[in-house]
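**Q** Numbering (our numbering), first residue to last: 1 to 780. No residue lacks a Cβ here, since even glycine has one placed at the ideal position from N, Cα and C. Just dropping this structure here.
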């Protein structure tokens, strides 16, 4: 054979051999994927300028549409191969908002390696590229073209990986069904070329199904409808006398893309092999199918941890993830899953620190999808631990990262989180805008329909603003959306929210039925934490309806569940609900003890607004016990703290209690001033939950003191927010009496009797009889 000339590009400690398609760093041959090689070669070719991401996509992927994540991963791999990083950027510079530029100094563009001298002839005056360089470039182009021609198009592919059908009969292998499914999805996450249905989505649809007993065509039809999957991966594991056999098939209703059978002693190795085979057949990148480790024990630990996590057994999953992280501390996938489990387990500070670390690593490694998910998780923890001011900036960073990807569902989820944050801050206009953007993002996603999360959040906004009919519509839409995809956890949540809505509407019997239906689902799916939320809601409902023993029992059960999960927010909430139940039952001493416990926990987690609200409950108990001076002093302190910290809800309650005390002492003017101050705070802050109660108190004091103008103003506002409230009709009757219009007074009381018979009482009977007698007599 003749001597070979190599076109070698040297920069830093790296050498890129275009003809041999090899990369060496510090003299060592590096494993490099074809597209990463093409990326490096293209950046070097265009080193005089920054190239756009579109140009890279066009040149390296030859017009194939790939995700932003695939491109950024290729850049990340190129940097790693030449000793560069997103922080150092000595070879490849990120030009934000534009693309990338090769910036390393070259030691030599061309080196000829040969056993004997070679002369290159050229015509005078002509610039000559050595023929071997031309051949190398042609070879590179041919290889890329060949790769693109041999790879089936993955455009529009949306794969759903199903739980593995375990036919081994081995109780020690129960983890493989979900563990290998989770592992398969983790492997696919490393490759931006193939879109997939999330693990949670698939499980919501098939969690209670015997997959092996369902006809595959029916299985595909169901998943295609609910998750918009274009193909399904069905996998079966069998024991074959000392080893395992995995059969797998990737199919739709009209074609089978990939199928095969593998045998190995390790189930994890079989799943890796199946995914690698699928990726090869679909033209994907198989270089990262190692995922965690070359050690089978570590890979199995990771798979077992994923299985436990997907089953909701996070306390058991955490030690397994820690085994993986001890072997590979920098593994982002295991670190993120650990943080999710820590958050679910109530390990707030630990979860916060790990989400923060994962986000930093994702940013450094230019992984925008992981960065967006980690920041979303971090914001959830910040919201729980009272770091309200940090939540929106964190979510905004997450949204910016999500927008870099082509994952519109991820963008939608970040907008939902932003909407929830705005709702919590009572900024309802911003919340609606965020949720509108979420709706658009979900509509533009591969699935093409809106997640129930959007209408669920809108329902909360509408309830907070007193738009109960609109909230009813939102909840109905959200409930149906979650039922359509088999999401029983969120179905239970919507039923619980329906119960709260019915309570606001004064329909207590319906409220209890919804809460109990929700509780039954939570028990069926084994969601203990969710059961605690519902028991807390039932406690409030039972207390309002006079079932005090049931209210106390429900509160204690809710506290026990929250304590087991170390969920301090709901421990504090549970004690507040227990205190309210004791208070309504007339046990002030027990109520004071429970409120004190609640306030201490709220203070410990930095939730100063709720802590101040609890102090107001204690002040009210002090006043009801005759300790008016103590109550007045606490009101003064809370008003001062709430004003300084911009906490509107405890400030509203402070003015309300001040009005109640003044009204009980017949200080009418002071009571009117206090109630008006409370309503002004409601108007300014958007905390409308107690608006009807405050306006009713203001109207009642005004009517008692024949203040027609003040009564008319308050009742007018009541009609706008509660037009069908029987108590408002009673006040209209009293206002008509004050004006001397007895016919109108009779009409309003008859409306109470006819339209709200369950609210009709002995006082109403006496009031209507009095008006009728005056009408007959012709004068009051």
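Suppose the cutoff is 8 Å on Cβ atoms and the five residues either side in sequence are ignored; what does the same chain contact list for residue 325 look like?
**A** Position 325 of the chain shown holds residue 325. Within the same chain, residue 325 has close Cβ partners 331, 334, 335 and 338.
**Q** Do residue 678 and residue 652 have their C-beta atoms within less than 8 Å of each other?
**A** Counting from one through the chain shown, the residue named residue 678 turns up at place 678. Counting from one through the chain shown, the residue named residue 652 turns up at place 652. Contact flag set, yes.
**Q** Tell me whether residue 409 sits in a helix, a strand or coil according to DSSP, three-state version.
**A** In the chain shown, counting from the first residue as 1, residue 409 sits at position 409. Of the three classes helix, strand and coil, the one that applies to residue 409 here is helix, per DSSP.
**Q** Determine, using beta-carbon pairs with one atom in the stretch 383-403 and one in the stretch 363-373, whether at least three such pairs fall under 8 Å.
**A** Yes: the two stretches touch, three or more of their Cβ pairs being nearer than 8 Å.
**Q** Helix, strand or coil: how does DSSP classify residue 36 here?
**A** Counted from its first residue, the chain shown places residue 36 at position 36. Of the three classes helix, strand and coil, the one that applies to residue 36 here is helix, per DSSP.
**Q** On the three-state DSSP scale, how would you describe residue 98?
**A** On the chain shown, residue 98 is found 98 positions in, with the first residue counted as 1. In this structure, residue 98 counts as coil in the three-state DSSP scheme.
**Q** Can you give me the C-alpha to C-alpha distance between residue 358 and residue 374, rounded to a whole angstrom?
**A** Reading the chain shown from its first residue, position 358 is the one you call residue 358. Reading the chain shown from its first residue, position 374 is the one you call residue 374. Approximately 6 Å between the Cα atoms of the pair.
**Q** Express the C-alpha separation of residue 605 and residue 382 in angstroms, rounding to a whole number.
**A** On the chain shown, position 382 is the one that residue 382 refers to. On the chain shown, position 605 is the one that residue 605 refers to. Approximately 11 Å between the Cα atoms of the pair.
**Q** So what does DSSP say about residue 195, is it helix, strand or coil?
**A** Within the chain shown, the letter at position 195 stands for residue 195. Looking at residue 195 - three-state DSSP - the assignment turns out to be strand.
**Q** Roughly how far, in whole angstroms, is the beta-carbon of residue 526 from the beta-carbon of residue 581, given that I think they are within contact range, below 8 Å?
**A** Locating residue 526 in the chain shown gives position 526, counting from the first residue. Locating residue 581 in the chain shown gives position 581, counting from the first residue. The Cβ separation is near 27 Å, so there is no contact.
**Q** Does DSSP put residue 175 in a helix, a strand or coil?
**A** The residue you call residue 175 lines up with position 175 of the chain shown. Of the three classes helix, strand and coil, the one that applies to residue 175 here is coil, per DSSP.
**Q** Quick one: using the 10 Å Cβ neighbour count with 16 as the cut-off for buried, is residue 602 buried or exposed?
**A** As a position in the chain shown, residue 602 is number 602, starting the count at 1. Residue 602 comes out buried.
**Q** Rounded to whole angstroms, what's the CA-CA distance from residue 781 to residue 591? Just pull it up for me.
**A** Any property of residue 781 remains undetermined from this structure, which presents the chain solely from 1 to 780.
**Q** What's the gap between the Cα of residue 611 and the Cα of residue 430?
**A** Counted from its first residue, the chain shown places residue 611 at position 611. Counted from its first residue, the chain shown places residue 430 at position 430. About 26 Å.
**Q** So residue 223 and residue 211 are supposed to be a Cβ contact under 8 Å. How far apart are they, rounded?
**A** Residue mapping note: residue 223 aligns to position 223 of the chain shown, counting from 1. Residue mapping note: residue 211 aligns to position 211 of the chain shown, counting from 1. In fact, because the Cβ distance is near 11 Å, the residues do not count as touching under 8 Å.
**Q** Whose C-beta lies closer than 7 Å to the C-beta of residue 391 among residues of the same chain, with five residues either side of it excluded?
**A** Mapped onto the chain shown, residue 391 falls at position 391. Correct list, in chain order: 379, 382, 383 and 421.
**Q** Report yes if the C-beta distance between residue 462 and residue 474 is below 8 Å; otherwise report no.
**A** As a working note, residue 462 is residue 462 in the chain shown. As a working note, residue 474 is residue 474 in the chain shown. Yes, these two residues count as a Cβ contact at 8 Å.
**Q** May I ask you to list the residues that DSSP assigns as paired with residue 260?
**A** Reading the chain shown from its first residue, position 260 is the one you call residue 260. Residue 260 is bridged to 248.
**Q** Based on the DSSP output, what are the partners of residue 160 in its beta bridges?
**A** For the purposes of this step, residue 160 is taken as residue 160 along the chain shown, with counting starting at 1. 232.
**Q** Can you list, in chain order, the residues of its chain with a C-beta nearer than 6 Å to that of residue 488? Leave out the 5 residues immediately preceding and following it.
**A** What you label residue 488 is simply residue 488 of the chain shown in a count that begins at 1. For residue 488, where only same-chain residues beyond five positions count, the Cβ hits under 6 Å are 521 and 525.
**Q** Could you pull out every residue in the same chain whose Cβ sits closer than 7 Å to the Cβ of residue 71, ignoring the five residues on either side in sequence?
**A** Stepping through the chain shown from its first residue, residue 71 is reached at position 71. Within the same chain, residue 71 has close Cβ partners 53, 56 and 57.
**Q** DSSP three-state call for residue 355: helix, strand or coil?
**A** Reading the chain shown from its first residue, position 355 is the one you call residue 355. Three-state DSSP puts residue 355 in a helix.
**Q** Tell me the rounded alpha-carbon separation between residue 818 and residue 348.
**A** As displayed, the chain neither begins before 1 nor continues past 780, which places residue 818 out of reach and without an answer.
**Q** Given a cut-off of 8 Å, decide if residue 561 and residue 578 are closer than it, judged by their beta-carbon atoms.
**A** By one-based count along the chain shown, residue 578 stands at place 578. By one-based count along the chain shown, residue 561 stands at place 561. Contact: no.
**Q** Is it buried or exposed, residue 629, if we count other Cβ atoms within 10 angstroms and call 16 or more buried?
**A** Along the chain shown, read from residue 1 onward, the residue named residue 629 stands at position 629. Flag for residue 629 reads exposed.
**Q** Determine the direct distance from the alpha carbon of residue 21 to that of residue 257, and round the result to whole angstroms.
**A** Here residue 257 refers to the residue found at position 257 when the chain shown is read from its first residue. Here residue 21 refers to the residue found at position 21 when the chain shown is read from its first residue. Answer to the nearest angstrom: the Cα atoms are 30 Å apart.
**Q** Measure the alpha-carbon distance for residue 449 versus residue 90 and round it to whole angstroms.
**A** Here the question's residue 449 lines up with position 449 in the chain shown. Here the question's residue 90 lines up with position 90 in the chain shown. When rounded, the distance between both Cα atoms is 44 Å.
**Q** Are the stretch 261-272 and the stretch 225-234 touching, with three or more C-beta to C-beta distances below 8 Å?
**A** Because the criterion of three Cβ pairs below 8 Å is not met, the stretch 261-272 and the stretch 225-234 do not touch.
**Q** Could you check the C-alpha separation between residue 471 and residue 721 for me, to the nearest Å?
**A** Within the chain shown, the letter at position 471 stands for residue 471. Within the chain shown, the letter at position 721 stands for residue 721. Whole-angstrom Cα-Cα distance: 14 Å.
**Q** What does the alpha-carbon distance come out to for the pair residue 614 and residue 638?
**A** For the purposes of this step, residue 614 is identified with residue 614 of the chain shown, where counting begins at 1. For the purposes of this step, residue 638 is identified with residue 638 of the chain shown, where counting begins at 1. Roughly 10 Å between the two C-alpha positions.
**Q** Apply the 10 Å Cβ neighbour rule to residue 410 and answer buried if 16 or more other Cβ atoms are within range, or exposed otherwise.
**A** Indexing the chain shown from 1 puts residue 410 at position 410. Residue 410 should be labelled buried.
**Q** Residue 654 lies in the alpha helix (DSSP H); which residues open and close that run?
**A** By 1-based counting over the chain shown, the position of residue 654 is 654. Segment 648-664, the alpha helix (DSSP H) holding residue 654.
**Q** Could you give the C-beta distance for residue 540 and residue 565, rounded to a whole number, given that I count them as a contact under 8 Å?
**A** Within the chain shown, numbered from 1, the residue matching residue 540 stands at position 540. Within the chain shown, numbered from 1, the residue matching residue 565 stands at position 565. Not really, about 20 Å apart at Cβ, beyond 8 Å.
**Q** Which residues in the same chain have their Cβ closer than 7 Å to the Cβ of residue 466, if we skip the five residues on either side of it in sequence?
**A** The count along the chain shown starts at 1 and reaches residue 466 at position 466. Hits under 7 Å: 688, 691 and 721.
**Q** What's the C-alpha gap between residue 587 and residue 594?
**A** Taking the chain shown and counting its residues from 1, one reaches residue 587 at position 587. Taking the chain shown and counting its residues from 1, one reaches residue 594 at position 594. Going by the C-alpha atoms only, they are around 11 Å apart.
**Q** Between the alpha carbons of residue 185 and residue 728, how many angstroms are there, rounded?
**A** Numbered from its first residue, the chain shown carries residue 185 at position 185. Numbered from its first residue, the chain shown carries residue 728 at position 728. Rounded to the nearest angstrom, the two C-alpha atoms are 57 Å apart.
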